[in-house]
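In our numbering, the protein residues as written are 12 to 132. Note that CB positions come from ideal geometry on N, CA and C, so glycine has one too. Please read these numbers as outputs of a predicted model, since none were measured by experiment.
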Amino acid sequence: MNDQHLDRIFIRDLSCRCIVGINPDERTKKQEVIINIVMYADLRPACASDDIADTIDYKKIKRAVLDMAEQSSYSLIERLAEHIAAICLEETAVRRVLVSVDKPGALRFTRSVAVEIVRER
12 MNDQHLDRIF
22 IRDLSCRCIV
32 GINPDERTKK
42 QEVIINIVMY
52 ADLRPACASD
62 DIADTIDYKK
72 IKRAVLDMAE
82 QSSYSLIERL
92 AEHIAAICLE
102 ETAVRRVLVS
112 VDKPGALRFT
122 RSVAVEIVRE
132 R
């Protein structure tokens with residue numbers, strides 16, 4: 012399958028609390044981040060078989076992302092996003108992943124600050 016025609020699995024608005032930031036108060040108390048993930052893969056085998064073994068176990072990925080993020084202590088949301096992408100790419104069927112991490116209230120007068128990264132196998 013041509014990479015531009017890959018199917019997508021979305022994990023939308025995954026909320027967790029973690030240590031992330033460069034200011035002293037951000038280094039001591041957990042803050043909310045919102046994670047969005049798009050995993051690109053060939054889902055035709057799963058579409059044909061209707062078998063979980065033929066697709067990406069997104070519940071497993073969600074658990075791994077939450078476990079990592081909630082125990083993390085990063086200065087930058089960029090670094091958090093990079094580690095989330097790495098978790099997704101551990102799944103061999105995932106060929107490309109897009110990860111966005113929003114940090115609500117990070118800047119005054121804004122809803123959030125966010126980064127978005129794309130990583131490929």
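| query | So, helix, strand or coil for A52, using DSSP? | reply | strand
| message | Rounded to the nearest angstrom, what separates E131 and R106 at their Cα positions? | response | 6 Å
| task | Starting from D113, follow the beta strand (DSSP E) in both directions and report where the run begins and ends. | result | R107 to P115
| message | Check for me: the beta strand (DSSP E) holding A125 runs from which residue to which? | response | S123 to E131
| query | Under a Cβ-count criterion, where at least 16 other Cβ atoms within 10 Å of its own Cβ denotes burial, should V110 be classed as buried or exposed? | reply | buried
| What is the rounded straight-line gap between the Cα of T215 and the Cα of Q42? | Outside the shown range of the chain (12 to 132) lies residue 215, about which nothing can therefore be said.
| task | Enumerate in chain order the residues of its own chain whose CB-to-CB distance from V124 is below 6 Å, with the five nearest sequence positions on each side excluded. | result | K114, A117 and L118
| field | Sequence-distant residues of its chain with Cβ nearer than 7 Å to I67 (five each side left out) | value | I20, M50, A52, E102, A104 and V105
| If you follow the alpha helix (DSSP H) that L100 is part of, which residue opens it and which one closes it? | I88 to L100
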